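A.B. asks: Shown below is the structure under consideration.
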Amino acid sequence: MDLPLTHKFQGLIVFIHGTPWSSVVFKPIVEALLAKGFYEILVYDLPGYGQSQSYTPSAAAPPTSKASFPGDTSVKFQATALADLLKGLHLDGKGRNPAPATVIAHDIAGTIALRISCTIATSPPC
Numbered sequence: 001m002d003l004p005l006t007h008k009f010q011g012l013i014v015f016i017h018g019t020p021w022s023s024v025v026f027k028p029i030v031e032a033l034l035a036k037g038f039y040e041i042l043v044y045d046l047p048g049y050g051q052s053q054s055y056t057p058s059a060a061a062p063p064t065s066k067a068s069f070p071g072d073t074s075v076k077f078q079a080t081a082l083a084d085l086l087k088g089l090h091l092d093g094k095g096r097n098p099a100p101a102t103v104i105a106h107d108i109a110g111t112i113a114l115r116i117s118c119t120i121a122t123s124p125p126c
């Protein structure tokens, strides 16, 4: 039965894969959500996984550790990389796009997501 569906944009979803995976793990879910047309979706490969390129922290960002170099796959480094990505795309809940994104995280990415929520939280801070 085909019924007309009334819907509205529901927001942004950020998918964060675990290790040793890549963003490809979310492909079926992303395709299904995009087919519904309710969301904008950000899928990316964590630095050091999948098809990611080398990551260099922004000049304004303090170093995350003495191991902050391409190949650092620590949770702290990954959270900083994600914070820089969200800030660069204006998806950090500040500025011109104050709506927070929904985060779906798998495996160790759950810890990355928790850390990022403390990094970009404005109120209350972690």
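In this text, residue positions in the sequence shown follow UniProt numbering: the first is 1, and each later residue adds one. Just so you know, even glycine gets a beta-carbon here, dropped at the ideal spot from N, CA and C. These numbers come from a predicted model, not from an experiment.
1. Give the secondary structure of Cys118 by DSSP, where H, G and I count as helix, E and B as strand, and everything else as coil.
2. Taking the Cβ atom as the reference point for each residue, do Leu42 and Ala101 lie within a distance shorter than 9 Å?
3. For the beta strand (DSSP E) containing Phe15, name the first residue and the last one.
4. From this set, Ile13, Arg115, Gly48, Ala79, which residue's C-alpha is nearest Tyr39's C-alpha?
5. Exposed or buried, Ala35, counting other C-beta atoms within 10 Å across all chains shown (16 or more means buried)?
6. I'd like the span of the beta strand (DSSP E) that includes Thr102, first residue to last.
7. Using 8 Å for Cβ pairs, my map puts Tyr49 next to Leu85. What's the rounded Cβ distance?
8. Apart from the five residues on each side of it in sequence, which residues of its chain come closer than 6 Å, Cβ to Cβ, to Phe15?
9. Use the C-beta contact count for Val30: other C-beta atoms within 10 angstroms, 16 or more gives buried, fewer gives exposed.
10. Per DSSP, what are the beta-bridge partners of Thr43 in this structure?
C.D. replies: Per the coordinate set shown:
1. Helix.
2. For the 9 Å CB-CB criterion, Leu42 and Ala101 form a contact.
3. For Phe15, the uninterrupted beta strand (DSSP E) run begins and ends at 11 to 16, by DSSP.
4. Closest option to Tyr39, Cα to Cα, is Ile13.
5. Result: exposed.
6. Looking at the DSSP string, the run of the beta strand (DSSP E) that includes Thr102 is 102 to 105.
7. Contact annotation, Tyr49 with Leu85: C-beta distance approximately 14 Å; criterion of less than 8 Å not satisfied.
8. Around Phe15: Phe26, Val43, Ile104.
9. Buried, by the Cβ-count rule.
10. The sequence given here has Val at residue 43, not Thr. In the DSSP output, where bridge partners are listed per residue, Val43 has Phe15.
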